[in-house]
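So the numbering used here is basically just the index in the sequence shown, starting at one, shifted up by 34.
What follows is one structure encoded as structure tokens, with my remarks underneath.
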Amino acid sequence: MPQTPTSTPRDPLRRALGQSEHVQDKVERAAQGLGSVNATLKGDVGLGITPAELEVARTKSEVIKDRVQEAADELVTVNLMLNDEILERRHLEAELEKSQSALAQSQAEAEASNHAALHDPLTGLPNATLFGDRLENALAQAGRRGSLLAVMFIDLNRFKHINDTHGHEVGDRVLAVVAKRLEGLVREGDTVSRRSGDEFLFLMVDPTDPSHVAALATRIADGIAKPLQLDGLSLSLSASIGVACFPGDGATSGELLARADATMYGAKRIRSTSD
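Below, the structure written as structure tokens:
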């Protein structure tokens, strides 16, 4: 047999409001009755009403007065209930607002913590962990599509000399400038990362052909080599870059990174010999 739906309990505040309206109606009706009795008494006194009839009318008047007083007392009680309900609602609203604020703060802290765990604190670039995740995803997509992918290992030349000569604060500012220059070369889908120290990684997705990769490596080197001015201090920078392409230079992230690293160090040795 189908079950009869149960009624939902009325909201306490609405119930109190309804009771208040009921009591007010009760007070008004009693007051009207009292007014009617008084009017009758006034009108009938001059018409020769008997003492017995007058006593009945007065008794009736007293009864109505008692009812008016009873209704008034009930109205006071109901008003107290309403005040209690309003205060409770305000308390609940305050608690809800506090909970929402705490939740928003918790979410913001979680997002900040997650960002800090995946980004370099100095440059704001993705760190090696996030770069590794993006490289793995890019490799999976390149494998499905049969497309190219390039990893570049970038190392600043003679950066230790800058730290030793001008201090680590200047060195940190140089790294921040280099990071901005590299970010300016990132296309949609590409990733530039600070690996550690003065080493950066660049992921280039879906290049047209190897010449496209070589052209980007040249732009990276030229961008880093632009004159750098810091508070009147003029610095010259250069970088050694190693490149590895999927699938020719490796099929996994580890193979590509190792090949790019080895190629970079080869370029660095050649430059050191020529210097």
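Yeah, the Cβ is synthetic: ideal placement off N, Cα and C, and Gly gets one too.
From a predicted model like this one, the values you see are computed outputs, not experimental measurements.
Asked: Integer-rounded CB distance, given that residue 238 should sit under 8 Å from residue 274; Found: That belief does not hold up - the Cβ atoms of residue 274 and residue 238 are roughly 17 Å apart, past 8 Å.
Asked: The beta strand (DSSP E) enclosing residue 225, as first and last residue numbers; Found: 225-230
Asked: Residue ranges of each beta strand (DSSP E) within the stretch 212-267, 3 or longer; Found: 225-230, 233-239 and 262-264
Asked: For residue 155, the three-state DSSP class (helix, strand or coil); Found: coil
Asked: Limits of the unbroken alpha helix (DSSP H) element including residue 164; Found: 162-179
Asked: CB of residue 280 within 8 Å of CB of residue 182, strictly; Found: yes
Asked: DSSP-derived helix/strand/coil call for residue 147; Found: helix
Asked: Alpha-carbon to alpha-carbon, residue 179 and residue 304; Found: 36 Å
Asked: CB contact flag (residue 294, residue 277, <8 Å); Found: yes
Asked: Exposure label - residue 148; buried when at least 16 CB within 10 Å; Found: exposed
Asked: Start and end residues, beta strand (DSSP E) containing residue 189; Found: 183-190
Asked: Supposed close pair residue 216, residue 236 - CB separation, criterion 8 Å; Found: 7 Å
Asked: From 212, 177, 175 and 228, residue whose alpha carbon lies closest to that of residue 164; Found: 228
Asked: Residue 276: first and last residue of the uninterrupted beta strand (DSSP E) it sits in; Found: 273-280
Asked: Closest residue to residue 108 among 55, 286, 265 and 154 (Cα-Cα distance); Found: 55
Asked: Opening and closing residue of the alpha helix (DSSP H) in which residue 198 lies; Found: 193-200
Asked: Spatial distance of residue 208 from residue 253 (CA atoms); Found: 18 Å
Asked: Alpha-carbon to alpha-carbon, residue 124 and residue 100; Found: 36 Å
Asked: Exposure label - residue 271; buried when at least 16 CB within 10 Å; Found: buried
Asked: Through-space distance from residue 144 to residue 301, alpha-carbon basis; Found: 42 Å
Asked: Burial state of residue 284, where buried means 16 or more other Cβ atoms lie within 10 Å; Found: buried
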